[in-house]
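In this note's numbering, the protein residues as written are 13 to 258. Since the structure comes first, as structure tokens, the remarks are kept for the end.
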């Protein structure tokens, strides 16, 4: 589904060149839930922007479904982005329209509105009784479930999650995890999960990469049951690997 091969991305700030990601290579298989973990400034957001075609690499190759996205035309970029779903930390709902209309928004943009499908997705995320409610009337966890329904309504081939549970309490986080697991189980949706929350990565992902200063320091298989990290004098990447593989 997705391949990064020796990808490097730089940014210029004043007279300084900042190496956001350096020589990054990984592959995400179709139907897989893949994690990207790292501290703030490690390059997670840059990789997400590269996947979402919001940015182009300075070096290296990015393939989506075996196609080189660095050579895409504007039309191909738009078409590919329409096949992606995005779930953000801050929900990004329109507060002046109902829950149902928020979920329908991606369809309205392409003039292919299907109200029954929107109702089905709201039922899928457990909000069939909130169709006419407004975001301000919902809890944070409920708002994120609306955002999930909105991201999934067009049956995307790839879903990107950017710290999707960071603003939620423990119970709301678990609700979101359960919904995403159900989606992957029933729809075989390919997901890339960016998070600093190790329990979220461990609950959702089968594999993960750990970033430090723009480089991959490890790639590891992830065991499914979350546990508390052992507190010892280790580096952050070592701690991540310890937690994810135990």
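Every residue, glycine too, gets a C-beta built ideally from N, C-alpha and C. In this text, all values refer to a predicted model and were calculated from it rather than measured experimentally.
Any idea what DSSP makes of residue 20, helix, strand or coil? The answer is strand: DSSP assigns residue 20 an E or B state.
If you measure between the beta carbons of residue 219 and residue 234, is that distance less than 8 Å? Yes, the pair counts as a contact, with Cβ atoms nearer than the cut-off.
Nearest neighbour of residue 99, chosen from 115, 138, 79, 21 [CA to CA]: Among 115, 138, 79, 21, the Cα nearest to that of residue 99 belongs to 115.
Would you kindly work out how many angstroms separate the C-alpha atoms of residue 66 and residue 143, rounded to a whole number? Residue 66 and residue 143: Cα-Cα distance of roughly 32 Å.
Collapsed DSSP secondary structure at residue 240 in the structure displayed: Low confidence applies here, because residue 240 scores a pLDDT of 38, under 50, leaving its location unreliable and the question unanswered by this model.
Quick one: Cα of residue 237 to Cα of residue 190, how far? Here residue 237 scores only 40 on pLDDT, less than 50, and its place in the model should not be relied on; the value that follows carries that caveat. Approximately 13 Å between the Cα atoms of the pair.
In its own chain, which residues sit with a C-beta less than 7 Å from the C-beta of residue 195, not counting the 5 before and 5 after it? So the qualifying residues of the chain are 164, 201.
Beta-carbon contacts of residue 21 that lie in its chain and below 7 Å, excluding the five residues immediately before and after: Here the set comprises 32, 33, 58, 62, 67, 69, 70.
DSSP state of residue 52, grouped into three classes? Three-state result, residue 52: coil.
My guess is that residue 40 and residue 19 are in contact by the Cβ rule of under 8 Å, so how many angstroms apart are they, rounded? Not confirmed; about 13 Å, so no contact.
Contact set for residue 252: own chain, Cβ-Cβ below 6 Å, skip 5 residues either direction: Cβ neighbours of residue 252 beyond the five flanking positions: 49, 222.
Secondary structure of residue 136, DSSP reduced to three states: For residue 136, the three-state secondary structure derived from DSSP is helix.
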